[in-house]
Amino acid sequence: MDRESPSPAEALSARVRAGDARAVARALSVVERAGIEADDLDRAIYRHTGRAVVIGVTGAPGAGKSTLVGRIVASCRQAGRRVAVLAIDPTSPFTGGALLGDRVRMQEHALDDGVFIRSMATRGHLGGISAATASSIDVLDAAGFDVILIETVGVGQAEVEVARVADACVVVSVPGAGDDVQAMKAGIMEIADVHVVNKADREGADRAVAAIAQMLALDERTGRRPPIVRVVATIGSGIDDLMAALATCERDDDLRRARRRQRAEWRLTVAVGRAALARADSAAADDARWASAVAALDARTETPGAAAARWLARRVVRGRLDHVGIATASIDAGTRLYADLFDVSAGAVEDVAAQAVRVCFVDTGDARLELIEPRDPDADDPFAASLRKRGPGLHHVALRVADLDAVMAALAAKGVRLIDRVARPGAHGTRVAFVHPSSTGGVLIELVEGTDA
Numbered sequence: 001m002d003r004e005s006p007s008p009a010e011a012l013s014a015r016v017r018a019g020d021a022r023a024v025a026r027a028l029s030v031v032e033r034a035g036i037e038a039d040d041l042d043r044a045i046y047r048h049t050g051r052a053v054v055i056g057v058t059g060a061p062g063a064g065k066s067t068l069v070g071r072i073v074a075s076c077r078q079a080g081r082r083v084a085v086l087a088i089d090p091t092s093p094f095t096g097g098a099l100l101g102d103r104v105r106m107q108e109h110a111l112d113d114g115v116f117i118r119s120m121a122t123r124g125h126l127g128g129i130s131a132a133t134a135s136s137i138d139v140l141d142a143a144g145f146d147v148i149l150i151e152t153v154g155v156g157q158a159e160v161e162v163a164r165v166a167d168a169c170v171v172v173s174v175p176g177a178g179d180d181v182q183a184m185k186a187g188i189m190e191i192a193d194v195h196v197v198n199k200a201d202r203e204g205a206d207r208a209v210a211a212i213a214q215m216l217a218l219d220e221r222t223g224r225r226p227p228i229v230r231v232v233a234t235i236g237s238g239i240d241d242l243m244a245a246l247a248t249c250e251r252d253d254d255l256r257r258a259r260r261r262q263r264a265e266w267r268l269t270v271a272v273g274r275a276a277l278a279r280a281d282s283a284a285a286d287d288a289r290w291a292s293a294v295a296a297l298d299a300r301t302e303t304p305g306a307a308a309a310r311w312l313a314r315r316v317v318r319g320r321l322d323h324v325g326i327a328t329a330s331i332d333a334g335t336r337l338y339a340d341l342f343d344v345s346a347g348a349v350e351d352v353a354a355q356a357v358r359v360c361f362v363d364t365g366d367a368r369l370e371l372i373e374p375r376d377p378d379a380d381d382p383f384a385a386s387l388r389k390r391g392p393g394l395h396h397v398a399l400r401v402a403d404l405d406a407v408m409a410a411l412a413a414k415g416v417r418l419i420d421r422v423a424r425p426g427a428h429g430t431r432v433a434f435v436h437p438s439s440t441g442g443v444l445i446e447l448v449e450g451t452d453a
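When the letters of the sequence shown are read in order and numbered with this note's numbering, they come out as residues 1 to 453.
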């Protein structure tokens with residue numbers, strides 16, 4: 001029964017997908033803190049995402065982004081669409097939390113069940129968005145919101161990173177902000193799908209529009225010409241034109257596919273970087289190869305890039321002992337034996353159809369024993385045949401690896417003989433593959449990937 005119970009992450013994911021506002025808030029807190037709990041939630045939620053339209057709203061400080069976002073929310077609600085807002089705020093130096101607060105600027109929507117507003121602290125993250133923004137978008141997407149608005153902190157051209165998580169980007173400027181062209185430097189211009197000149201009732205609005213148009217005329221790299229929309233957000237003037245421009249972006253399948261591919265590539269890059277840093281942190285204390293790489297850099301005999309590539313290539317196959325597999329004709333007899341001899345406890349018996357066996361893990365502390373019996377002792381499958389020929393005893397040693405496919409590829413490149421060319425299902429939802437004893441000094445090695453640590 002325990003194996004059928006959902007994990008905490010799966011239970012929270014189910015509540016999020018049911019639209020439970022408290023669960024959504026809880027999930028956002030989890031992903032913002034990062035760590036193992038956040039990784040588990042990502043795995044439970046990610047496959048349920050990809051439906052929402054994500055719109056980034058960015059621009060210089062004082063451009064009226066929050067007021068504009070409030071108007072966009074109101075228009076979406078009038079159209080019957082559920083809306084979530086992530087307001088990325090500066091970090092408080094005292095609490096580490098969002099400095100401005102989430103509902104301070106959009107009180108009119110606070111009681112609307114079809115609107116969810118959340119502030120997230122940058123926590124020193126460059127680029128105008130929080131490091132947890134992409135995972136937070138996943139949570140809101142899974143919760144069934146039709147439109148997700150990302151309002152970034154006002155830090156000028158560093159805000160270009162919002163384009164990595166948005167399907168469409170609105171860049172907001174205002175007239176009379178000094179040098180109009182200087183306010184729209186390179187980076188920020190390139191991400192815009194819609195330009196908004198807010199406070200367009202001010203003197204200098206025509207100049208601001210002309211300056212943007214001139215810069216767009218100079219940049220022919222994309223072949224696209226984003227529209228320029230005049231808006232007075234405080235009174236709602238021009239909002240209909242803005243919503244029409246955003247609707248055009250939403251209907252542009254090529255744009256949306258390109259942005260989503262870009263988002264996937266960026267997220268993979270970030271994840272690989274995080275994994276590499278985690279490996280580096282764990283290795284610095286006791287890895288001789290790490291010390292060797294540091295020494296090579298210090299002696300100027302190797303570049304940082306070359307040393308990093310060499311260290312990562314060697315570590316890709318590194319695994320830790322997960323369990324020792326023991327073949328037996330009877331799991332019941334085996335568990336009684338080990339419980340009597342060593343006072344250890346056994347888990348539930350699991351049927352692994354892909355390998356024609358039943359297994360039971362015995363917890364011994366740092367590693368485990370896996371008792372294995374055939375589903376049919378008289379069958380012709382490899383395990384049953386091996387048990388009849390060799391009798392009970394040591395069957396294999398299992399090493400847990402982080403990336404089974406990468407390890408298999410690395411071993412194959414070294415000429416190692418693999419029994420499995422592709423990974424197969426193992427016990428407890430893991431993926432496994434076996435290495436032939438001829439390549440490992442006579443020992444059958446099982447490689448295990450999965451969350452069942």
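For every residue, glycine included, the Cβ atom is placed at its ideal position computed from N, Cα and C.
Distance CB(residue i)-CB(residue j) smaller than 7 Å
i	j	result
R358	V344	no
G114	R77	yes
V172	V196	yes
K65	V57	yes
V362	A427	no
G325	H396	yes
W266	R336	no
V83	V73	yes
V407	V416	no
A291	L387	no
Chain-order list of residues whose beta-carbon lies under 7 Å from that of residue i (same chain, five-residue window excluded)
i	result
T430	V448, E449, G450 and D452
A23	L12, R15 and V16
R51	D141
A213	I228
T234	T67
I239	R71, S75 and V231
Residue i, buried or exposed, once every other Cβ within 10 Å from all chains shown has been counted against 16
i	result
H323	buried
G128	Residue placement at G128 cannot be trusted, given a pLDDT of 47 that sits under 50; what the coordinates show is reported in the next sentence. Label assigned to G128: buried.
E161	buried
A200	buried
F342	exposed
P175	buried
P304	exposed
E151	buried
P8	exposed
R274	exposed
T269	exposed
E32	buried
A385	exposed
L394	exposed
A168	buried
G59	buried
DSSP beta-bridge partners of residue i
i	result
F434	E446
E370	G325 and F361
T58	V171
R320	R400
F145	According to DSSP, which records beta bridges pairwise, F145 is partnered with nothing at all.
M120	I88
A346	V362
I228	H195
E151	V57 and A87
P304	Answer is none; P304 lacks a bridge partner.
P377	Beta-bridge pairing links P377 to no other residue.
First through last residue of the alpha helix (DSSP H) which encompasses residue i
i	result
D240	I239 to R251
R26	A21 to R33
G334	I331 to F342
L68	K65 to Q78
R390	P382 to R390
R51	Segment: none, R51 is in no alpha helix (DSSP H) and carries neither H nor E.
V16	P8 to R17
E203	Counting along the chain, E203 falls outside any alpha helix (DSSP H), and DSSP gives it neither H nor E.
D113	Counting along the chain, D113 falls outside any alpha helix (DSSP H), and DSSP gives it neither H nor E.
S292	A288 to D298
Cutoff 8 Å; reference residue i; Cβ partners in own chain excluding five residues on either side
i	result
F94	Interpretation of F94 is limited by its pLDDT of 38, a score under 50 that renders its predicted location unreliable; the figure taken from the coordinates is listed afterwards. No residues qualify anywhere along the chain.
R257	none
A25	R118
K414	none
Beta strand (DSSP E) segment containing residue i, residue limits
i	result
L394	G393 to R400
A87	V83 to D89
V165	Neither: V165 is in no beta strand (DSSP E) and is coded neither H nor E.
L418	Taken as a continuous stretch (DSSP letters only), L418 belongs to no beta strand (DSSP E), as it is neither H nor E.
D351	E350 to V352
Closer than 6 Å: residue i CB and nearest the ligand NAD heavy atom
i	result
D113	The model on display carries no ligand, and the ligand NAD is accordingly not part of it.
Contacts around residue i, its chain only, beta-carbon distance under 6 Å, and the 5 residues preceding and following it disregarded
i	result
A296	E302 and A307
H436	R417 and I419
Contact with chain D by residue i, beta-carbon distance below 7 Å
i	result
D138	No chain D is part of this structure, which consists of one protein chain only.
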